[in-house]
Amino acid sequence: MNPAPDSIMWHYDMMGTYSVRSGYHLGSVLASNPGTSGLNSLESWWKYFWRLKIPSKVKIFLWKACNNWIPSNKNLASRRVSIVNSCPVCFTWPESTLHALWCCHSLKMTRRMCPFMDKVKVSEGDRFIDFLISCRNLLSCEDLELLCIILWRVWYRRNSLVFKSATLLDKDIVPWAIAFLDEFRLANERVRGGLEGDRTNAIVWQPPCFGFYKVNVDAALPTSHGVVGIGIIVRDSQGQVLGASAQKIMARYPPHVAEAVGILKGIQFVRNVGLWPCVLESDALSVVNLVFGTF
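Read in order, the letters of the sequence shown are residues 0 to 294 in numbering that gives the first Met the number 0.
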C-alpha cells in the first residue's frame, strides 16, 4: 500500500464529501427532534448508557441497534440486500429496528407485562435511539436496565423463530429478563463482596469428621434458556478428592429448584459410588432450610 496524506472526511455522506444537500439534511434531522436528537443530548445519552449495570454483550447489541446495524429485514434492504423488508414474524409492517425489538404485534403480551412503559409513547415511524432516549428520560435506572435485557431477549426470540422455527412465547420474555437481571446483579454483588471483604474472613472449605465424606454441590443457570448445570465433588477428612461429577440437565428450572435438584443429584451420586457415611454442603441456604423444615 502506498502512503497517502490525511484528509478531512464528511461522515454524513457515503463518499465523505460535504454537499449543501447533506448539510441541509443533517440540519433538518436535528431541528425536527431537538429534545432527543441534538448532539448534546446524544452525548449525554451515551455517557448514561455505558454506565448501566447490565452485561457488556447487551450494551454492544443495543449500541448496534441504535445505529441500525442489526440485520433486521428493513436494515438489510436499505443496504441493497435482496430481501423483502417486511417483518418475518408478524408479516404486517416493515421490519425496522424499533419494530423488531418493540412494536411488533407478536410482542403484545411482552408490552402488556411492562407497566413501567405506559408513560413512554412510541410509534412505528420513530427511530430506535429516540425511543431509548425517551425511556431514559421517563424511567428509573432499574427499569431501563430491565428494558435493555427485554429488548436483547426479544431479538433472541426473533432469531429463534426465523432461523430455528423455535417457539418462544412472548409472555415468557419479561419473567426471563427479570430472573436474568436478578442473577446478574447477585453475581456482581458477590464479586464486589469478595474483592472488598477481608481475606481473613473468606469462607474456606471445612473437612468432615474422621470417617465421613463431604459432598459439595452447586447448580448453575447459564444464559442459554432451558439448561441447568450441576457440579458435584466428594472429599474425605484429609481433603482428598474421591469423586466428582458434572451434569447438564435440559430443563427450565428457577434458581431455587435448580439448587434442590443439585442436592438430589449429589445424594444419588454418593449412593451410587458407595461413599457413605457423608455430609452434604450447599451454598443455597434457603433451599437447605426448606429441606430441613426450618423456613
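All C-beta atoms, glycine included, are put in the ideal place defined by N, C-alpha and C.
Identify, in the order they occur along the chain, each residue of the same chain with its Cβ nearer than 7 Å to the Cβ of residue i, setting aside the five sequence neighbours on each side.
i: Met249; result: Gly225, Val226
i: Ser105; result: Val88, Cys89, Asp169
i: Tyr252; result: Val227, Val260
i: Thr35; result: Any reading at Thr35 must be qualified, since the residue scores a pLDDT of 45, below 50, and its modelled position is unreliable; the value itself is stated next. Asp129, Ile132, Ser133.
i: Arg157; result: Val88, Ala99
i: Cys103; result: Cys86, Val88, Cys89
i: Ser285; result: His255
i: Val161; result: Pro87
For the beta strand (DSSP E) containing residue i, list its first residue and its last residue.
i: Met249; result: 240–249
i: Arg234; result: 226–234
i: Asp217; result: 212–219
i: Leu279; result: 277–281
Between residue i and residue j, which are expected to be in contact by the criterion C-beta below 8 Å, what is the C-beta distance as a whole number of angstroms?
i: Leu138; j: Leu146; result: 7 Å
i: Ile53; j: Glu144; result: 5 Å
i: Val290; j: Ile262; result: 7 Å
i: Asn84; j: Ala76; result: 4 Å
i: Pro206; j: Gly238; result: 6 Å
i: Tyr212; j: Val269; result: 7 Å
i: Thr96; j: Asn74; result: 7 Å
For residue i and residue j, I'd like the C-alpha separation in whole angstroms.
i: Ser244; j: Ala178; result: 27 Å
i: Ser122; j: Trp151; result: 20 Å
i: Phe134; j: Ser40; result: For the record, residue 134 in the displayed sequence is Cys; it is not Phe. Going by the C-alpha atoms only, they are around 13 Å apart.
i: Asp197; j: Val203; result: Because the pLDDT of Asp197 is 49, which lies under 50, any placement of that residue in the model is unreliable, and the number read from its coordinates should be weighed accordingly. When rounded, the distance between both Cα atoms is 13 Å.
i: Ala283; j: Ala186; result: 14 Å
i: Ala176; j: Met112; result: 12 Å
i: Val240; j: Gly273; result: 14 Å
i: Val57; j: His255; result: 25 Å
i: Ala165; j: Ile172; result: 14 Å
i: Arg78; j: Asn271; result: 60 Å
i: Glu42; j: Val80; result: 32 Å
i: Ile7; j: Ser21; result: 16 Å
i: Trp101; j: Gln267; result: 46 Å
i: Trp49; j: Ile148; result: 14 Å
i: Leu194; j: Ala218; result: In this prediction, Leu194 has a pLDDT of 49, which is less than 50 and means its spatial position is unreliable; nothing more can be read from the coordinates.
i: Lys247; j: Lys107; result: 34 Å
i: Trp45; j: Cys140; result: 14 Å
i: Trp154; j: Ala257; result: 26 Å
i: Ile55; j: Tyr23; result: The question names Ile, yet the displayed sequence has Ser at residue 55. The straight-line gap from Cα to Cα measures roughly 36 Å.
i: Leu51; j: Cys65; result: 16 Å
Go to residue i, then tell me how far its alpha helix (DSSP H) extends in each direction, as first and last residue.
i: Asp129; result: 127–137
i: Leu146; result: 140–162
i: Thr109; result: 107–111
i: Val121; result: Run containing Val121: none; DSSP gives neither H nor E here.
i: Phe60; result: 55–65
i: Val255; result: Per the sequence shown, residue 255 should be read as His rather than Val. That run of the alpha helix (DSSP H) goes 254–272.
i: Ser71; result: Counting along the chain, Ser71 falls outside any alpha helix (DSSP H), and DSSP gives it neither H nor E.
So, at 6 Å on beta carbons, what are the nonlocal neighbours of residue i in its own chain, with the 5 sequence-adjacent residues on each side left out?
i: Gly265; result: Val214, Val216, Ile231, Leu279
i: Asp300; result: With the chain represented from 0 up to 294, any question about residue 300 goes unanswered, as that position is not in the structure.
i: Ser281; result: Val216, Ile262, Val287
i: Ser236; result: Pro206, Pro207, Phe209
i: Leu167; result: Arg156, Ser159
i: Pro33; result: At Pro33, the pLDDT of 45 sits below 50, so the modelled position is not reliable; the number obtained from the coordinates is stated separately. So the list is empty, once near-sequence residues are dropped.
i: Gly242; result: Val233, Val272
i: Ile229; result: Ala218, Gln246, Gly261, Lys264
For residue i, which residues of its own chain have a beta-carbon under 8 Å away from its beta-carbon, when the five flanking residues on both sides are left out?
i: Ile82; result: Asn72, Leu75, Ala76
i: Tyr47; result: Arg135
i: Ile69; result: Phe60, Lys63, Thr96, Ala99, Trp154
Does the segment 120–138 come within contact of the segment 58–73, defined as at least 3 CB pairs closer than 8 Å? At 8 Å Cβ cutoff, the stretches touch.
Taking 8 Å as the threshold, find out whether the segment 167–183 comes into contact with the segment 80–93 through three or more Cβ pairs. no
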